[in-house]
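Here's the structure, in structure tokens; my notes come after.
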Amino acid sequence: MNDRYDAGSAGYGADQYELVGYDEYGQPVYRQVPTQQTQQQTYDPYTQQHQQGYGYDPYAQHGPQQGQQSPPAYDYGTGGQPAAPDYGSYDPYGTATHQGGAAQGAPHDPYGQTVAGATGRQPRVAEQTARQTAHIPQQAGPDHDREAPDEPQRDYHTEQFAFVEEPDANSEDVIDWLKFTENRTERREEARRRARGRFVALVVVLALVVAGGAGYLWYAGKLPGLSSEDSKAGTATAAGAQKRNVIVVHLHDTKGGGTSTALLVDNTTTERGTTVLVPNSLALTSDDGTTTTLAKSVEDDGSDGTRDALDAVLGTDIEGTWRLDTPYLQNLVDLVGNVDVDTDAEVPDPAAKKKGEAPLVDKGRDQTLSGKMAVAYATYRAPGEAQNAQLERFGQVMQGVLRKMSSDPQAATTTIQTLAQILDPSLTDKDLGTFLAGLSDLAKGGDVKTDLLPVQNDGTLSAQASARVVKNVLGGTAKSPDKDAAVSVSVQNATGVEDNTEKARVVLLNGGFTFLEGGTGTARPASQVVYTDAAGKANAAEVAKTLGLPAGSVTKGKTSGSADVSVVLGQDYRPSAG
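Heads up: take any position in the sequence shown, counting from 1, add 1, and you land on this note's numbering.
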């Protein structure tokens with residue numbers, strides 16, 4: 002493309018340019034430095050005027066017109082700087098003046114029109130001169146061929162180029178959006194960190210609470226499986242260090258005979274209470290060193306002797322004995338306002354004259370028992386039933402009494418004094434009332450339970466079987482008397498009645514003998530008591546007397562197993578009520 006402003010274009014090939022500064026946009030500005038010329042031919046391809054009456058040939062070579070002056074040379078006399086060239090007679094757009102005539106000096110319109118009244122140099126010449134002075138090489142100039150001669154000069158303002166100077170508003174929005182998203186991400190991360198911190202703190206707090214609660218339950222002995230009452234390993238030391246208050250209660254049946262024994266235990270360390278039921282068959286050592294049973298000890302040795310014997314066997318420290326005859330039990334139940342018991346049997350009314358009358362005590366849950374009903378239920382033992390069943394009923398009544406007893410020591414003491422019973426000297430009214438008030442408070446909270454002391458058939462305590470009660474509840478150690486210290490009796494039932502074996506066992510244990518199970522044999526009419534040597538004759542006679550057999554039933558012979566005396570119960574055996 003031919004660019005008229007290109008340095009290699011015609012008429013400008015010899016021009017030189019120098020840097021004169023930078024414009025307001027930071028672009029370099031050059032100025033043309035023209036070379037020395039003697040004469041510059043003026044060529045106006047656009048002129049349409051005639052010279053001296055001759056026609057104008059645009060292709061003819063014309064010399065300088067008469068009256069025109071050659072462009073002055075640069076003046077380097079003023080400071081060595083070239084003076085501005087005079088382009089008065091040079092009109093690249095065909096605006097040259099005529100020699101002579103009225104049109105001389107008038108501006109020439111390139112479209113063939115002369116501006117009327119215009120004199121002197123044309124303003125467009127000066128404008129073109131300024132544009133040439135500030136021309137940048139290789140930059141396309143304005144297209145003056147298409148510009149109207151009288152077109153008003155364009156006025157450019159800096160705000161038209163705001164896209165160069167000022168940042169786009171959208172860029173600020175983008176920056177703000179990036180900052181917003183970054184801050185939002187940071188806030189989310191901070192919220193997650195805070196949430197994780199709170200979760201960890203909550204877990205730590207819960208772990209501390211659980212550990213503290215478990216520690217308290219362990220210390221209080223209420224932790225299942227690890228408490229002083231339920232654990233099986235390593236509890237002897239912990240159980241022995243606990244503080245317990247223990248009294249023994251003997252229920253005497255004044256009408257039917259026999260006794261029932263229970264230990265009331267108040268563990269002040271674990272704040273739990275227990276009613277320990279003690280079978281009458283428990284083997285004890287009497288005052289004279291011989292072996293006896295709990296039932297026989299109560300009848301023969303009294304309260305003091307029985308209490309000491311129990312301490313020796315169980316390793317406990319019983320503080321007092323409470324003898325509770327059945328009339329006093331009836332009064333006690335009436336004073337506390339009846340008791341509620343889950344009964345396991347119907348108890349007939351002793352005063353009933355005919356069979357088939359309504360029972361005194363019904364079988365069922367939450368049965369309300371008066372004093373009379375409570376005594377009948379506590380002493381009831383069905384035909385052929387083991388003594389332990391009756392003992393458990395006595396424990397139920399005692400549990401009901403504790404729940405109804407006042408928790409105020411003074412009120413409980415008043416209740417005991419109202420009974421007007423004669424207590425053991427080692428246990429006063431105030432002591433018994435205070436003790437029962439403490440257990441009553443535990444019973445109302447469900448912290449009193451009932452346990453049966455496991456006694457073997459020979460009346461001794463198995464270390465393994467009795468550990469749960471003797472060690473954990475009583476805090477003692479089982480020390481049953483030596484089996485050889487008591488006369489062992491083997492009993493075979495040949496009466497044809499199955500219950501006679503149990504009845505004979507109870508009678509023998511109460512008599513201080515060791516009972517051995519001999520099984521069941523063929524029914525025979527007469528009973529027999531056998532001993533092996535003369536030393537055993539006296540013992541055999543005593544066994545026959547205890548069982549209610551005739552003296553003629555005692556005979557010398559061979560005993561079964563390791564028993565000192567063997568007994569075969571015949572149909573002449575009449576079991577006692579013991």
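Note that CB positions come from ideal geometry on N, CA and C, so glycine has one too. In this text the structure is predicted, and so the values were computed from the model without any measurement.
Item                                                                                                                                                               : Value
What is the DSSP secondary structure of residue 284, reduced to helix, strand or coil?                                                                             : strand
With a 10 Å radius around its C-beta and 16 neighbouring C-beta atoms as the bar for buried, classify residue 423 as buried or exposed.                            : exposed
In the DSSP output, which residue or residues are listed as bridge partners for residue 516?                                                                       : 490
At a cut of 8 Å, does the region 241-252 reach the region 321-331 through at least three beta carbon pairs?                                                        : yes
When the Cα of residue 497 is compared with those of 375, 197, 259 and 572, which residue comes out closest?                                                       : 572
Can you give, in chain order, each stretch of the alpha helix (DSSP H) that sits fully within the region 384-452 and has at least 4 residues?                      : 388-405, 410-420 and 430-445
Can you give the Cα-Cα distance for residue 140 and residue 25, rounded to whole angstroms?                                                                        : Because residue 140 sits at a pLDDT of 46, beneath the cut-off of 50, its placement in the model cannot be relied upon, and the following sentence gives the value as read from the coordinates. Rounded to whole angstroms, residue 140 to residue 25 spans 17 Å at the Cα level.
I'd like to know whether the C-beta atoms of residue 341 and residue 401 end up nearer to each other than 8 Å.                                                     : yes
Can you tell me which of the three DSSP states residue 538 falls into?                                                                                             : helix
As a quick exercise: from 405, 274 and 284, pick the residue whose alpha carbon is nearest that of residue 333.                                                    : 405
Would you check if the distance between the CB atom of residue 338 and the CB atom of residue 449 is smaller than 8 Å?                                             : no
Would you mind stating whether residue 508 and residue 566 have Cβ atoms separated by less than 8 Å?                                                               : no
Indicate whether the contact test is met: 3 or more Cβ pairs, each with one atom in the region 279-288 and one in the region 459-474, closer than 8 Å.             : yes
Inspect the CB distances between the region 502-516 and the region 524-535 and report whether three or more fall short of 8 Å.                                     : no
Would residue 515 pass as a contact of residue 490 if the rule is Cβ separation under 8 Å?                                                                         : yes
Short of 6 Å in beta carbon distance, which residues of its chain neighbour residue 407, apart from the five on each side in sequence? Order them along the chain. : 413
Determine the DSSP secondary structure at residue 526, reduced to helix, strand or coil.                                                                           : coil
So the candidates are 270, 344, 261 and 200; which of them puts its Cα closest to the Cα of residue 299?                                                           : 261
How many angstroms separate the CA atom of residue 198 from the CA atom of residue 435?                                                                            : 53 Å
Could you check whether residue 493 and residue 570 sit closer than 8 Å to each other, using their CB atoms as the reference points?                               : yes
Taking 8 Å as the threshold (C-beta atoms), are residue 428 and residue 278 in contact?                                                                            : no
In the DSSP assignment, what residue or residues form a beta bridge with residue 263?                                                                              : 250 and 278
Pick out whichever of 518, 476, 480 and 479 has its Cα sitting closest to the Cα of residue 495.                                                                   : 518
Buried or exposed: which applies to residue 184, given that a residue is buried once 16 or more other Cβ atoms fall within 10 Å of its Cβ?                         : exposed
Around the C-beta of residue 233, are 16 or more other C-beta atoms found within 10 angstroms, so that it is buried, or is it exposed?                             : With a pLDDT of only 40 at residue 233, under 50, the local geometry of the prediction cannot be trusted, and the value read off the model is given with reservation. So residue 233 counts as exposed.
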